[in-house]
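What follows is a single structure, written as structure tokens, with notes after it.
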Amino acid sequence: MNDLEDFLQESPLEALAPSGYHIALRVGFAFPEVEHNTFPRAWIETYTQSGFMLHDPVIRWIYDNVGTISWSQVAGADARGVLQVARTYDLAFGAVVSMRDEEETGIRSFGNFARADREFTADELAMLQDLVIDLHARTRPPQSLTSAELKTLELLGTGLLMKEIAYQLGISESAVKQRLANAKVKMSARTTTQAVLQATQLGWI
20 MNDLEDFLQE SPLEALAPSG YHIALRVGFA FPEVEHNTFP RAWIETYTQS GFMLHDPVIR
80 WIYDNVGTIS WSQVAGADAR GVLQVARTYD LAFGAVVSMR DEEETGIRSF GNFARADREF
140 TADELAMLQD LVIDLHARTR PPQSLTSAEL KTLELLGTGL LMKEIAYQLG ISESAVKQRL
200 ANAKVKMSAR TTTQAVLQAT QLGWI
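Numbering (the numbering used here), first residue to last: 20 to 224.
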């Protein structure tokens, strides 16, 4: 997560979407695996409390399409006036990016971006699309770990020391260290603790 936050801070998003943005990565049945929302807190509360998601034409477009579009070009009824209410929170102009994973059926990522002053240009829409595609790739699950690597991570997560893990598995401490090193590389984790956390969040251990 820290890597993602660092990437977002270094990206041009703050300049492109000064009123805020919502990025949802690797959305499956209902919920994203990773989410980052900088829209105004007051808007998020209003949106949630009013149940706008079920009536938001932008969200409907996201789940029915792939590509990019400006809010002003989104066709469809907005009976609850979601976009009109958004304007009162300086979310006057918006852009959307929606993509599906070509390798994993049913997985998509999207970004919803806003500004108060003007429409997004075609070049900016292309930049936002590239950004979402990049973020989606960055959060793709790591290559599969072996059962031995997973078991070692699981034992480490229980608080056992290296020598205790080695004794329980009947292997040397150097073999334990190698398994953990392999897992870290496969998961792009900085530390073994981060690898354990990621494996736990993915439901692997």
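Glycine included, each C-beta is placed from N, C-alpha and C at the ideal position. Because the structure is a prediction, the values reported are computed rather than measured.
Asked: DSSP on Met20, reduced to helix/strand/coil?; Found: Residue placement at Met20 cannot be trusted, given a pLDDT of 47 that sits under 50; the coordinates are not used to answer.
Asked: Quick check on DSSP: helix, strand or coil for Glu52?; Found: strand
Asked: Can you tell me the Cα-Cα spacing of Trp223 and Leu169, whole angstroms?; Found: 7 Å
Asked: Grab the span of the alpha helix (DSSP H) containing Ala36 for me, first residue to last.; Found: From DSSP, Ala36 is part of no alpha helix (DSSP H); its letter is neither H nor E.
Asked: Measuring alpha carbon to alpha carbon, tell me which of Leu164, Val101, Phe48 and Ala111 ends up nearest Leu73.; Found: Val101
Asked: Can you give me the Cβ contacts of Gly176 inside the same chain, cut-off strictly under 6 Å, excluding the 5 residues immediately before and after it?; Found: Val215
Asked: In the structure shown, what three-state DSSP assignment does Tyr66 receive?; Found: helix
Asked: Skipping 5 residues on each side, what residues in its chain have a beta carbon closer than 6 Å to that of Ile42?; Found: His55 and Gly130
Asked: Roughly how many angstroms lie between the CA atoms of Gln92 and Gly47, to the nearest whole one?; Found: 26 Å
Asked: Looking at Val151 and Gly113, is the spacing between their C-beta atoms short of 9 Å?; Found: no
Asked: With DSSP as the reference, label Asn131 as helix, strand or coil.; Found: strand
Asked: For Arg241, report the span of its beta strand (DSSP E) as first-last.; Found: Here the chain has residues from 20 to 224 only, and residue 241 is not among them.
Asked: Going by alpha carbons, who is nearest to Met2 out of Gln213, Gln148 and Thr140?; Found: The structure shown does not extend to residue 2, since the chain is modelled only from 20 to 224, so the question has no answer here.
Asked: Look at the alpha carbon of Thr87 and the alpha carbon of Leu144, and state the distance between them as a whole number of angstroms.; Found: 7 Å
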